[in-house]
Amino acid sequence: MAQPAGLLYSKEHEWVKLDGDVATVGITDYAQASLGDIVYVELPRLGATLEQFGSIGVVESVKAVSDIFTPVGGEVIAINDAIEADPALVNREPYDGGWFYKVKLGDVSQSAELMSPEQYDRLISQT
Amino acid sequence: MLQAVGVASLDELVRVPEALALRTPIAVTPQLSESEIAERFARFAARTTAGGYTSFLGAGAYRHYIPPVVGALAMRGEFLTAYTPYQAEVSQGYLQATYEWQSYITLLTGLDVANASVYDGATALAEAVIMAVNASGRKAVLVSRAVHPNYRAVLRTYAEGLELAVDELAYRADGRTDTASLDAALADQRYAAVVVQTPNMFGVIDPLAAAESARAAANGAVVIGVVAEALSLAALATPASWGARICVGEAQSFGNAVAYGGPHVGFIAAGSEHLRRMPGRLVGKSVDGEGRLAYVLTLQAREQHIRREKATSNICTNQAHCALCATIYLAAMGKTGLRDCAALNIARTRELRAAVTALDGFSARFAAPVFNEVAIRVPGRASDVLRALEDRAILGGLDLGRFYPELGDTLLMAATELTTGADIARLVGALAEVETRAAARI
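The following block contains the structure:
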């Protein structure tokens, strides 16, 4: 399955949508399918400062709890309340309504550490 | 196998240094017959029972009547020898009983969720503080000095490893927590929680005022209510009603013997906003593949055996059998029975207080209302009075001076539904002798 274009990807199966120095982060379709029915997402606090690749929250499904490793660092400027009330939204719309949080990038060059859609596609087809 | 590891004998493999080697036979009681063993332990038991003593001791473990139905049901093999109900299909009985325990705890505390129990009231408090710390990200808690000293000591043990600051609120002359400084203390928003116990260590009814709780919450601190005498929940306003969002405590009073301090059973209840941070086991009600009602262990992803170092707590067990006894007790007593029992406790304690303070030199230490314990100021030292009472086969209570140096002249005495008028009369007679002796010495 082709990965949505216009996004960057991390090894930990997160996607990043860049808009200037604001990044929106979520988990990929591969991730939500592997996790199964998601029942809870613990998001970072508004205003928190994240370090790139640090563990900043959890995604809990019926069978596992997975850490969220932020693909980019910066200040958390928005979190998605909709998935607090309806965690299954992440399964249904991993790239749209199921976004997790937005950060204001401290260092825009961090995006260079991430993968292109093709690179990510290769990663998951190897698994 | 000895060949494989390259030694000739077991002695060569396991070599005990000569200085440590045991060369003389160990003195062990020789083999006895079954009846001799039974008789031997009956003699031991007869030496250690408190039978024959009249007890006014409470201070965190309370003498209450345990109806025979508790033992009759709890000692059934299905309950007594069952293991943790990981396999829900064969554990529906225990899971249902535990679900009922959780339900009772939420009813009694007025909160939304309760877990399957923890070890005791002291560790329950430590866990509640950890919940508040995780909820707020703050590393300090404010605890009333009127909270049971053993609970505060256990909290400090947990706090040391977690590098939490534990600050204390003093108590007032009337025996209640001094909340005058509460607003000032909360102003810089460094406290994860404010902790009070009601009834407190002095028996005094000591909740926060609803407005005080609201201000604490507005400052981001979680209000934690502690209950060491669970029976009080049948007489007093629920902790939720005065603003506690986590309520923890000791449920030994329900159907569990004092038993020299244990095993007892701790409870944790909280508002639903804290559900995911709750430690320990949680039983949930669901349906099976055929739509039939089924109970299961739920939200296990928070637990130690799955989350490991990221779990909400290291606990991955509960006090299942003790909680079961408590549940049977509550079912047998019912709402009316429990309220009547609590009322009896209040009445007996009033009688006790009136009778004792009528003696010269004895007075109530604190003016505020109490539930089933009262702090009595005695002539001289409380420890001396206790010794004199013990000579007369009376356990007079707790010398508060052991934990509060300024209260060395104060005895904490409890009266429950098991305390009789004759017990109080014996106590008064014994204290009158003590009083006469003390007066004679002056």
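Taken in order, these protein sequences are the chains called D and U.
Numbering of the first sequence is given in this note's numbering, commencing with residue 4 and proceeding in unit increments.
Numbering of the second sequence is given in this note's numbering, commencing with residue 6 and proceeding in unit increments.
Beta carbons are placed, not taken as given, at the ideal position from N, Cα and C, and that holds for glycine.
Considering only residues of the same chain and omitting the five flanking positions on each side of Ser237/U, which have a CB-CB separation below 6 Å? Pro204 and Phe376
Classification of Gly126/U by the beta-carbon crowding that lies within 10 angstroms, buried from 16 upward: buried
Kindly indicate if chain U contains any beta-carbon less than 8 Å away from that of Tyr43/D. yes
9 Å Cβ cut-off: residues of chain D touching Arg281/U: Tyr43, Glu45 and Glu63
In this structure, does DSSP put Trp102/D in helix, strand or coil? coil
Starting from the Cα of Thr103/U, find the closest Cα among Ala43/U, Leu335/U and Val201/U and give me that residue. Leu335/U
Within 10 Å of its beta-carbon, does Asn323/U have 16 or more other beta-carbons around it, so buried, or fewer, so exposed? buried
Whether Gly225/U touches Ser141/U by CB criterion (8 Å): yes
If we require 3 or more residues per run, which beta strand (DSSP E) segments fall completely within the segment 253-333 of chain U? 271-275, 288-292 and 298-302
Residues near Leu53/D by beta carbon distance below 7 Å, same chain, minus five either side: Pro47, Ile59, Thr73, Gly76, Gly77, Val79 and Val106
Residues bridged to Tyr21/D by DSSP? Before going on, a small fix: residue 21/D reads as Leu here, not Tyr. Ala26/D.
For Ile131/D, name the three-state secondary structure that DSSP assigns. The displayed coordinates of chain D run from 4 to 130. Any statement about residue 131/D would go beyond what the structure contains.
Would you call the CB atoms of Arg195/U and Ala145/U closer than 8 Å? yes
Just confirm the distance between the C-beta atoms of Phe272/U and Gly254/U, as a whole number of angstroms; I'd bet it's less than 8 Å. 6 Å
Is any beta-carbon of chain U found at less than 8 Å from that of Val79/D? no
Quick one: grab the DSSP three-state call for Glu87/D. helix
Straight-line CA distance for Arg397/U to Val159/U? 34 Å
Any beta carbon of chain U sitting closer than 8 Å to that of Val68/D? yes
Going by the CB atoms, is the gap between Ala121/U and Val288/U shorter than 8 Å? yes
Residue range of the beta strand (DSSP E) that Asp16/U falls in? Taken as a continuous stretch (DSSP letters only), Asp16/U belongs to no beta strand (DSSP E), being part of the alpha helix (DSSP H) at Leu15 to Leu18.
Is the Cβ-Cβ distance between Leu423/U and Arg68/U less than 8 Å? yes
Chain D contact residues for Arg312/U, given Cβ-Cβ distances below 7 Å: Val68
May I have the straight-line CA-CA distance separating Ala26/U from Leu18/U, to the nearest angstrom? 15 Å
Does the count of Cβ pairs from the segment 238-251 of chain U and the segment 78-93 of chain U closer than 8 Å reach three? no
State buried or exposed for Pro97/D, treating a residue as buried only when at least 16 other CB atoms are found within 10 Å of its CB. buried
If you follow the beta strand (DSSP E) that Ala380/U is part of, which residue opens it and which one closes it? Glu378 to Arg382
Just the Cα atoms here: how many angstroms apart are Gly166/U and Ile135/U? 11 Å
When Ile82/D, Ala81/D and Asp70/D are compared against Glu314/U, the one with the closest alpha-carbon: Asp70/D
State whether the segment 111-129 of chain D contacts the segment 4-20 of chain D, with contact taken as three or more CB pairs (one from each stretch) at a distance under 8 Å. yes
Assuming Val433/U contacts Ala360/U (C-beta within less than 8 Å), just tell me the rounded distance between them. 5 Å
Hey, out of Pro120/D, Gly109/D, Leu10/D and Arg95/D, whose CA is closest to Gly50/D's CA? Gly109/D
Alpha-carbon to alpha-carbon, Asp293/U and Ala299/U: 6 Å
With Gln202/U as the anchor, note down where its beta strand (DSSP E) starts and where it stops. Tyr196 to Gln202
Proximal residues to Leu169/U (C-beta, below 6 Å), its chain only, five neighbours per side dropped: Lys144
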